[in-house]
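Visitor: Residues 182 to 493 in this note's numbering are what the sequence shown lists, from first letter to last.
Provided herewith is a single structure, encoded as structure tokens, for subsequent inquiry.
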Amino acid sequence: MIICCGEALIDMLPRQLENGEDVFLPVCGGAVFNTAITLGRLGMPAAFVCGISTDMFGEQLIDSLKASSVDTSLCVRKNNPTTLAFVKLVQGQAQYSFIDENSAGRMLSTDDLPDLPAGLSALHFGAISLIPEPCGTAYETLMTRYRDKAVISLDPNIRPGFITDETAHRARINRMIAMSDIIKVSDEDLDWIAPDVANEQAIRDMIAGKGASIVILTKGSEGVDIHTGAGCFEVAARKVEVVDTIGAGDSFNGGFLAGLHRAGLLSKTSLKNARPGDLKPIAELAVEVAAITVSRAGANPPWAEEVQKIPV
């Protein structure tokens, strides 16, 4: 089973009524939530860990997870409100304003953490759930508990505008990087995480110094670079008409983990021994999944049958 651990929230997406009035449409989202949805839709055994509200939006989130075949039994239900993320699109790129104070997701504590089931193969972490307290400490604790028992996947997905204590968050991200087998970053992430280190050197440090097996560098429309101890290779982005980029990286994460699972490579030993030739079709699958996601509005990743119709 692949368990995604992190935020679930409601994206308030900008829309326009027929009379021209601007409104917001509440849509399920959150980076780690989107990855869980992607895994479920691709037919993977997926589960989700998060503090989820008992309010109407929390029910919407639970229903969406179940509809995509994601196990919700590890979710911690709380009476606190659901996090809202108001979205503004600037040339197709999403910018966010969060309402998160005292939310169900934010107030997940170490004491709330569930015992994870047997048969666990991987844990995925990332994004804004690692920033506030007490949930940031809770997720770091969960990673620490299972770092030797499962593959650890991390997408820091740095959002500087949401970080109030840069020193503390940079220290947390670096601790979590040191526990991770798969790390996905952008140039912007690396510039923030290691501001005084060249990006190529920062990636080498993650692999040679901290022990990661795979570091994925995303480059938007230019595709991705996959770095391993055995070498680096590039996979080009698919050419599609982009509606918006919401959920692009999240669905890539789901596609990559799904590809590893399908190939029988989702173990620490297999990842450490994987060669570029083993990983290229997996990265191509992940790029295809992300391409389908950006070709339609909001974080709406594809189902397995949609991906299979398109040659990889």
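For each residue, glycine too, the CB sits at the ideal point set by N, CA and C.
Fair warning: this is a prediction, and the values are worked out from it, not measured in the lab.
1. Taking contact to mean at least 3 C-beta pairs separated by less than 8 Å, is the segment 327 to 345 in contact with the segment 454 to 468?
2. With a threshold of 7 Å on Cβ separation, who are the neighbours of Ile-491 within its own chain once the five nearest residues in sequence on each side are excluded?
3. For Lys-259, write down the residues that DSSP places opposite it in a beta bridge.
4. What is the DSSP secondary structure of Ile-344, counted as helix, strand or coil?
5. Which of the three DSSP states, helix, strand or coil, is assigned to Thr-399?
6. For the putative contact between Ile-384 and Ile-354, defined by C-beta atoms under 8 Å, what is the C-beta separation to the nearest angstrom?
7. How many Å lie between Ser-245 and Phe-229 at the Cα?
8. Identify which residue in Gly-428, Gly-412, Gly-401, Val-378 has its Cα closest to the Cα of Arg-419.
9. Closer than 8 Å is the cut-off here; do at least three beta carbon pairs connect the segment 471 to 489 with the segment 334 to 346?
10. Cβ atoms of Ile-184 and Leu-265: under 8 Å apart, would you say?
11. Return the CA-CA distance between Ala-477 and Val-424, expressed in angstroms with no decimal places.
12. DSSP three-state label for Val-332, please.
13. Is Thr-322 helix, strand or coil by DSSP?
14. Given a cut-off of 8 Å on the beta-carbon distance, is the pair Leu-190 and Gly-300 in contact?
15. Is the Cβ-Cβ distance between Val-268 and Asp-192 less than 8 Å?
16. So Ala-303 is in the beta strand (DSSP E); what residue range does that whole segment cover?
17. Have a look at Glu-199 and Thr-426 and give me their C-alpha separation to the nearest angstrom.
18. Please report the residue range of the beta strand (DSSP E) in which Glu-415 lies.
19. Please report the Cβ distance between Val-251 and Gly-221, rounded to the nearest whole angstrom; I am assuming they are in contact, meaning their Cβ atoms lie under 8 Å.
20. For Gly-436, collect the residues of the same chain with a Cβ closer than 6 Å to its Cβ; drop the 5 residues on either side in sequence, then sort them by chain order.
21. For Ser-284, which residues of its own chain have a beta-carbon under 6 Å away from its beta-carbon, when the five flanking residues on both sides are left out?
22. Let's see if you can read the secondary structure: which residues bound the beta strand (DSSP E) around Leu-194?
Guide: With the given structure in hand:
1. no
2. Taking the sequence shown and counting its residues from 1, the one referred to as residue 491 is at position 310. Low per-residue confidence applies at Ile-491: pLDDT is 44, beneath 50, and the placement is therefore not dependable, though the value from the model is reported in the following sentence. Excluding positions up to five away in sequence, the list reads Glu-469.
3. For the purposes of this step, residue 259 is taken as the residue at position 78 of the sequence shown. Per DSSP, Ser-234.
4. Taking the sequence shown and counting its residues from 1, one reaches residue 344 at position 163. Correct three-state label for Ile-344: coil.
5. Here residue 399 refers to the residue found at position 218 when the sequence shown is read from its first residue. Of the three classes helix, strand and coil, the one that applies to Thr-399 here is strand, per DSSP.
6. For the purposes of this step, residue 384 is identified with residue 203 of the sequence shown, where counting begins at 1. For the purposes of this step, residue 354 is identified with residue 173 of the sequence shown, where counting begins at 1. Actually they are not in contact, since the Cβ atoms of Ile-384 and Ile-354 sit about 14 Å apart, beyond 8 Å.
7. What you label residue 245 is simply residue 64 of the sequence shown in a count that begins at 1. What you label residue 229 is simply residue 48 of the sequence shown in a count that begins at 1. So the two alpha carbons sit approximately 12 Å from each other.
8. On the sequence shown, residue 419 is found 238 positions in, with the first residue counted as 1. When each option's Cα is compared against that of Arg-419, the closest is Gly-401.
9. no
10. Stepping through the sequence shown from its first residue, residue 265 is reached at position 84. Stepping through the sequence shown from its first residue, residue 184 is reached at position 3. Taking 8 Å as the Cβ cut-off, Leu-265 and Ile-184 do not qualify as a contacting pair.
11. Taking the sequence shown and counting its residues from 1, one reaches residue 477 at position 296. Taking the sequence shown and counting its residues from 1, one reaches residue 424 at position 243. The sequence given here has Arg at residue 477, not Ala. Arg-477 and Val-424: Cα-Cα distance of roughly 5 Å.
12. Within the sequence shown, residue 332 is the residue found at index 151, counting from 1. In this structure, Val-332 counts as strand in the three-state DSSP scheme.
13. Taking the first residue of the sequence shown as position 1, residue 322 is located at position 141. Looking at Thr-322 - three-state DSSP - the assignment turns out to be helix.
14. Position 9 of the sequence shown, counted from the first residue, corresponds to residue 190. Position 119 of the sequence shown, counted from the first residue, corresponds to residue 300. In this structure, Gly-300 does not lie closer than 8 Å to Leu-190 by Cβ.
15. Sequence index remark: in the sequence shown, residue 268 carries index 87 (1-based). Sequence index remark: in the sequence shown, residue 192 carries index 11 (1-based). Yes.
16. Taking the first residue of the sequence shown as 1, we reach residue 303 at position 122. Taken as a continuous stretch (DSSP letters only), the beta strand (DSSP E) holding Ala-303 covers 303 to 307.
17. On the sequence shown, residue 199 is found 18 positions in, with the first residue counted as 1. On the sequence shown, residue 426 is found 245 positions in, with the first residue counted as 1. Rounded to whole angstroms, Glu-199 to Thr-426 spans 24 Å at the Cα level.
18. Residue mapping note: residue 415 aligns to position 234 of the sequence shown, counting from 1. Start and end: 412 to 416.
19. The residue labelled residue 251 in the question sits at position 70 within the sequence shown. The residue labelled residue 221 in the question sits at position 40 within the sequence shown. Going by Cβ atoms, the distance from Val-251 to Gly-221 rounds to 4 Å, so yes, they are a contact pair.
20. One-based indexing of the sequence shown puts residue 436 at position 255. Answer for Gly-436: Leu-466, Ala-467, Val-470, listed in chain order.
21. Here residue 284 refers to the residue found at position 103 when the sequence shown is read from its first residue. Asn-261, Pro-262, Thr-264, listed in sequence order.
22. Mapped onto the sequence shown, residue 194 falls at position 13. Segment 190 to 197, the beta strand (DSSP E) holding Leu-194.
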